[in-house]
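For reference, the structure discussed in these notes is given below.
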C-alpha cells in the first residue's frame with residue numbers, strides 16, 4: 001500500500017495518530033520537500049518517528065517514481081506531504097503511476113492552509129477561487145492572478161492568496177554550468193505580496209482593488225506563534241509578520257458584519273480599518 | 001486556555017498527536033455535536049482518550065457558554081469539533097465570549113471536507129464558493145444555493161455542495177408540546193442532493209446546469225471505505241453511495257484535462273462520462 005500522509009501545518013506533532021502509526025510501521029518513509037515546508041527540520045521528524053526519512057525533491061519524484069513505489073505491493077510505503085496530501089498537485093503523477101501498477105493507495109488527510117485560513121475569522125463559504133502569487137522579476141510580472149481576483153471580487157467573494165516559496169533553486173549561472181549548487185530558500189512575505197498586488201493594479205488599472213481595500217495577513221498559521229493582522233493593502237505592504245510561511249486574504253464586498261467584528265480584533269489600526277470598511281464594504285458604500 | 005481541537009473526518013485516530021496530548025491533560029473535554037458527525041460513537045472516543053467526553057449540543061453552547069468556559073483561566077478546556085474547528089461557524093460565539101473574558105484560545109487544526117475534497121481529483125484551486133443543500137419540504141424549497149452555483153459556473157469553477165444533516169430535531173408536535181423527544185438523525189445522500197438540484201433547475205430554468213452536467217459524489221471521505229463516483233447529475237440522482245456522510249461536487253467548465261483523467265477512473269459508466277464531457281466541457285463544446 002502507498003500512503004499519502006498529510007503532516008498538517010506546523011510541527012512534528014501535527015500528524016494524526018493514524019498517520020503516525022503508519023509511519024512507524026512503513027518499510028520506507030519519504031518526505032515531499034518542494035511545494036511547501038514544515039516549520040521544523042527533517043531531523044526532528046526522524047527523531048519523533050524513530051525512523052529515517054528520505055527527502056524527496058521534485059527531481060526524485062518525477063524521475064524515480066518506480067524506485068519510490070518499489071515493494072509497495074508487499075509492504076507499506078509512506079509518502080509525507082506538508083499540509084493535506086491534496087493541497088498541491090505535484091505528486092499526482094506518483095499516484096497515477098501507482099494506479100497504473102495496480103498498487104492500492106490511501107490518503108491520511110490533515111489541515112492545510114485551504115481550510116485552516118478560517119481561523120482568521122472569515123467564513124470559508126465566502127471564499128472564491130484561491131490564487132498563487134509568484135516572485136516578480138524585472139521582466140516577468142505575471143498578472144493572471146489579477147484576473148482570478150477580479151472574478152472573485154465581482155461576485156463579492158474573498159480571495160486566498162498563496163505566496164511563492166523558492167527552495168532548491170539554482171542561479172542561472174549554476175544552472176548553465178550544470179552545477180548542483182542551490183540558492184538559500186526564499187519565502188514571500190505578506191508585505192511583498194501586497195506590494196506586488198498594488199503594482200499589478202497600477203499597471204492593469206481595472207480597479208479590481210485599491211490601496212485602501214481591506215486584507216488579512218497571516219503567518220505561521222496553526223503554530224503557537226501564529227500572527228494575524230488586518231488592514232488596508234497599503235498598510236499590509238509595510239507590515240512585518242516575521243518568519244515564514246505567510247498568506248494573504250483580500251476581502252470581498254459580500255463580507256458579513258460578524259466576519260468584520262471578528263477580524264477587527266486583528267486590525268493594525270482600528271480607525272483606519274473602520275474607515276476603509278465603511279468606504280468600500282459597508283452598507284452605505286456603493 | 002480554551003482549545004478548539006479538530007477531530008478530522010472519520011474516526012478516533014484522526015485527531016493529531018498534539019490534539020490528543022491536550023485532550024488527555026484538559027480539565028474538561030466537550031464534543032460539539034450539532035454541525036457534523038464523526039463516523040463513530042462518543043463512547044469510542046472516551047475509551048480512546050481515557051477521559052469522559054461531554055456532548056455539547058446547540059442549546060448548551062448557546063446558553064451555557066460561561067459554564068463551558070469555567071476554570072479555563074487556570075486550567076485547559078478542550079472543545080472538540082469534527083473536521084476543522086473553522087469548518088462550521090456555530091461556535092464562533094463561544095470564541096468571542098472567551099475573548100470578552102480575556103481567556104486565551106488556541107486552534108488545533110485538522111482536515112475537513114473543505115480541503116479533503118481534493119482527494120476526488122479535482123484541484124482545490126478550481127473551486128468557487130461552497131454551498132449548502134438543505135432537505136426540501138413540500139412548501140419550502142430554498143434555491144439561493146442555485147444563485148451561488150450560477151456565479152461559480154459562469155466563471156467555470158467547480159462547486160462543493162455540503163449536504164444537510166438533521167440531528168436532534170423535534171417533530172412539530174413534540175416541539176409544540178415542549179416535549180424533548182427527538183427524531184432519528186437524517187443525512188442527505190448524494191442521490192437526494194442531485195434530485196433536488198435537478199428539481200431547482202426545472203423550476204428556475206436558468207440553465208445553470210442540465211441532467212447531463214458532470215458531478216462527483218463522495219461518501220465517508222477519509223475513511224477506509226470511502227467511495228467516490230463520477231457521472232451525470234441524472235446518473236448520480238440514482239446512485240447509492242451507502243452510509244453517511246455524503247458530499248457532491250458539480251464540475252465547472254474550466255475543468256482541466258488532468259482532472260478529467262483522474263476522475264474518469266471513478267465514472268459510473270465511462271462512455272456516458274466521456275460523452276457528457278465532450279458535450280459540455282470539452283474543447284469542442286460551446
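Protein chains in written order, with the UniProt record's numbering: chain D, 1 to 286; chain Y, 1 to 286. Ideal Cβ placement from N, Cα and C applies to all residues, glycine included.
inquiry  = Quick check on residue 222(Y) - is its C-beta less than 9 Å from some C-beta in chain D?
reply    = In terms of beta-carbon proximity, residue 222(Y) lines the interface with chain D, with at least one pair separated by less than 9 Å.
message = Closer than 8 Å between beta carbons: that is the criterion. Which residues of the region 165-180 of chain D meet it against chain Y?
response = The residues in question: there are none.
ask   = By DSSP, does residue 287(D) sit in helix, in strand, or in coil?
value = Limits of chain D in this structure are 1 at one end and 286 at the other, which puts residue 287(D) out of reach.
key: Inter-residue CB distance, residue 276(D) and residue 248(D) (contact presumed, cutoff 8 Å)   = Going by Cβ atoms, the distance from residue 276(D) to residue 248(D) rounds to 16 Å, so no, they are not a contact pair.
task = Scan the region 100-122 of chain Y for residues whose Cβ lies nearer than 7 Å to a Cβ of chain D and list them as they occur along the chain.
result = Shown in chain order are the members of the region 100-122 of chain Y whose Cβ falls below 7 Å from a Cβ of chain D: 107, 109, 110, 111, 112, 114, 115, 116, 118, 119.
message = Do residue 106(D) and residue 68(D) count as a contact pair if the criterion is CB distance below 9 Å?
response = Taking a C-beta distance under 9 Å as the contact criterion, residue 68(D) and residue 106(D) do not qualify as a contact pair.
query = Where residue 19(D) and residue 46(Y) are concerned, what is the direct C-alpha to C-alpha distance, given to the nearest angstrom?
reply = A straight line joining the alpha-carbon of residue 19(D) with that of residue 46(Y) spans about 20 Å.
query = chain Y partners of residue 13(D), CB-CB under 8 Å?
reply = Within 8 Å of the CB of residue 13(D), the CB atoms of chain Y belong to 16, 17, 18, 21, in sequence order along the chain.
key: Buried versus exposed, by CB contacts within 10 Å (16 or more), residue 286(D)   = In this prediction, residue 286(D) scores a pLDDT of 47, lower than 50, which makes its location untrustworthy; no coordinate-derived value is stated.
ask   = If we count the other Cβ atoms within 10 Å of its Cβ and call it buried at 16 or more, is residue 84(Y) buried or exposed?
value = With 16 or more Cβ atoms within 10 Å of its Cβ, residue 84(Y) is classed as buried.
ask   = residue 117(Y) and residue 218(Y): beta carbons closer than 9 Å?
value = In this structure, residue 218(Y) lies closer than 9 Å to residue 117(Y) by Cβ.
task = Please look up how many angstroms separate the CB atoms of residue 1(D) and residue 76(D), rounded, as I've assumed it's under 8 Å.
result = Contact flag correct, Cβ pair sits at about 5 Å.
task = Can you tell me the Cβ-Cβ gap for residue 239(D) and residue 229(D), rounded? I've got them flagged as a contact below 8 Å.
result = Confirmed, about 6 Å.
message = I need the straight-line Cα distance from residue 73(D) to residue 104(D), nearest angstrom please.
response = Looking at the backbone, the Cα of residue 73(D) and that of residue 104(D) are separated by about 8 Å.
request  = Starting from the C-beta of residue 222(D), find all residues in its chain whose C-beta is less than 6 Å away, skip the five residues before and the five after it, and write them out in chain order.
outcome  = Here the set comprises 9, 10, 116.
request  = Kindly indicate if chain Y contains any beta-carbon less than 9 Å away from that of residue 126(D).
outcome  = The beta carbon of residue 126(D) falls within 9 Å of a beta carbon belonging to chain Y, placing the residue at that interface.
key: Per-residue burial, residue 256(Y) [other beta carbons within 10 Å of its own, 16 or more giving buried]   = Classification for residue 256(Y): exposed.
ask   = Can you list, in chain order, the residues of the region 149-164 of chain Y whose Cβ is nearer than 7 Å to any Cβ on chain D?
value = The region 149-164 of chain Y vs chain D, Cβ under 7 Å: 151, 155, 157.
task = Grab the span of the beta strand (DSSP E) containing residue 247(D) for me, first residue to last.
result = Where residue 247(D) is concerned, the enclosing beta strand (DSSP E) stretches over 246-250.
ask   = List, in order along the chain, the chain Y residues whose C-beta lies closer than 7 Å to that of residue 76(D)?
value = The contacting residues do not exist; residue 76(D) stays about 14 Å from chain Y at best.
query = In chain D, which residues lie less than 7 Å from residue 9(Y) when you measure between Cβ atoms?
reply = Taking the beta carbon of residue 9(Y) as reference, the chain D residues within 7 Å of it are 109, listed in sequence order.
task = Quick one: grab the DSSP three-state call for residue 119(D).
result = In the structure shown, residue 119(D) adopts helical secondary structure according to DSSP, grouped into three states.
request  = Check distances from the C-beta atoms of the region 197-219 of chain D to those of chain Y and list, in chain order, the residues that come in under 8 Å.
outcome  = Along the region 197-219 of chain D, there is no position whose C-beta sits under 8 Å from a C-beta of chain Y.
query = Residues of chain Y with CB under 9 Å from residue 87(D), in chain order?
reply = Against residue 87(D), the close residues of chain Y are 115, 118, 124, in the order they occur along the chain (beta-carbon pairs closer than 9 Å).
task = Apply the 10 Å Cβ neighbour rule to residue 288(Y) and answer buried if 16 or more other Cβ atoms are within range, or exposed otherwise.
result = Here chain Y covers residues 1 to 286 and nothing more, so residue 288(Y) does not appear.
key: Whole-Å CB distance - residue 5(Y) paired with residue 79(Y), under 8 Å assumed   = That pair is a contact at about 7 Å.
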